[in-house]
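In the numbering used here, the protein residues as written are 824 to 1065.
First comes the structure, then the notes that go with it.
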């Protein structure tokens, strides 16, 4: 029996449980759809990356099996967004206005990025893990904290707050260091120095916060991810891929 099947089933069950839990909170008016989206961002990202330790470390097919989970979720969101599949709970919990087409932007692009990052970088490079951290920690907490405590607006984008952007930087750095530490405990990146990486991490988090604050809301998942890949690639951290 393939050693990747059971870990993939476990990851799928964990991510599905979190999605259903957030949908339950949203459908029962415990949280708003906007906060539900951010909870999905944060929770699924953390669960997904932390589950990489379940896979055989020296099996090159592990990343492919693991990427099946976000690929399936993205496929579902795409079908719902195109109107080919009806799922009111998903639409109500993941869209801002109740329009299913919104799922083709934020939720679907988020999933596509997770698939690509898993296949290209996996746990063998800090680039992918950092990029995912900027999305799930940085963007996630920026939305939650910014909407709750943000008063001062960013001049060029009144829908964003200064508190939210500062939160993006702080949680991106903290989240990246946390996930990288966990990944190293699994036996990956054993020669990678977290301490030496911190200056680059702070820089890419600041740039990511600036990019996330731009008035291109439907595409910020893609722009933040590409920003991280380009900045860290320019710093040669992509050379750690093995």
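Every residue gets a Cβ at the ideal spot worked out from N, C-alpha and C, and that includes glycine.
Using the Cβ count rule (16 or more neighbours within 10 Å means buried), how would you classify residue i?
i: residue 1044; result: buried
i: residue 827; result: buried
i: residue 904; result: buried
i: residue 1042; result: exposed
i: residue 975; result: exposed
i: residue 984; result: buried
i: residue 981; result: exposed
i: residue 971; result: exposed
i: residue 878; result: buried
i: residue 883; result: exposed
i: residue 924; result: exposed
i: residue 790; result: This structure cannot speak to residue 790, because the chain is shown only from 824 to 1065.
i: residue 888; result: buried
i: residue 1018; result: exposed
i: residue 979; result: exposed
i: residue 864; result: buried
i: residue 906; result: exposed
i: residue 956; result: buried
i: residue 893; result: buried
i: residue 829; result: exposed
i: residue 1039; result: exposed
i: residue 1006; result: buried
i: residue 896; result: buried
i: residue 1027; result: buried
i: residue 1047; result: buried
With which residues is residue i paired in a DSSP beta bridge?
i: residue 977; result: 980
Just confirm the distance between the C-beta atoms of residue i and residue j, as a whole number of angstroms; I'd bet it's less than 8 angstroms.
i: residue 1003; j: residue 949; result: 6 angstroms
i: residue 1009; j: residue 891; result: Residue 1009 to residue 891, Cβ: 20 angstroms. No contact.
i: residue 958; j: residue 977; result: Actually they do not touch by this definition, with Cβ atoms about 19 angstroms apart.
i: residue 1035; j: residue 991; result: 6 angstroms
i: residue 960; j: residue 995; result: 6 angstroms
i: residue 856; j: residue 910; result: 14 angstroms between Cβ atoms; not a contact.
i: residue 940; j: residue 954; result: 6 angstroms
i: residue 942; j: residue 886; result: 6 angstroms
i: residue 986; j: residue 968; result: 6 angstroms
i: residue 900; j: residue 926; result: 5 angstroms
i: residue 912; j: residue 850; result: 6 angstroms
i: residue 1058; j: residue 1023; result: 5 angstroms
Given 7 angstroms as the limit, tell me if residue i has its C-beta closer than that to any heavy atom belonging to the ligand NAP.
i: residue 1053; result: You won't find the ligand NAP in this model; it holds no ligand whatsoever.
Any 3 or more C-beta pairs closer than 8 angstroms across the stretch 1023-1037 and the stretch 1045-1057 = Contact between the stretch 1023-1037 and the stretch 1045-1057 is present, because at least three Cβ pairs lie under 8 angstroms.
Give, in chain order, every unbroken run of the alpha helix (DSSP H) that is at least 4 residues long and sits entirely within the stretch 825-895.
-> Entirely contained in the stretch 825-895, the alpha helix (DSSP H) runs reaching 4 residues are, in chain order, 828-850 and 856-873.
Between the stretch 831-844 and the stretch 855-871, are three or more C-beta pairs nearer than 8 angstroms?
-> By the Cβ rule, the stretch 831-844 counts as touching the stretch 855-871, because three or more pairs are nearer than 8 angstroms.
Is the stretch 915-928 touching the stretch 851-867, taking contact as three or more C-beta pairs under 8 angstroms?
-> Touching, yes.
Length at least 4, wholly inside the stretch 906-941: the alpha helix (DSSP H) runs in chain order = If one requires a minimum length of 4 residues, the alpha helix (DSSP H) runs lying completely within the stretch 906-941 are 911-917, in chain order.
Inside the stretch 973-1043 only - alpha helix (DSSP H) runs reaching at least 4 residues = The DSSP assignment places complete alpha helix (DSSP H) segments of no fewer than 4 residues inside the stretch 973-1043 at 985-1008 and 1017-1036, in order along the chain.
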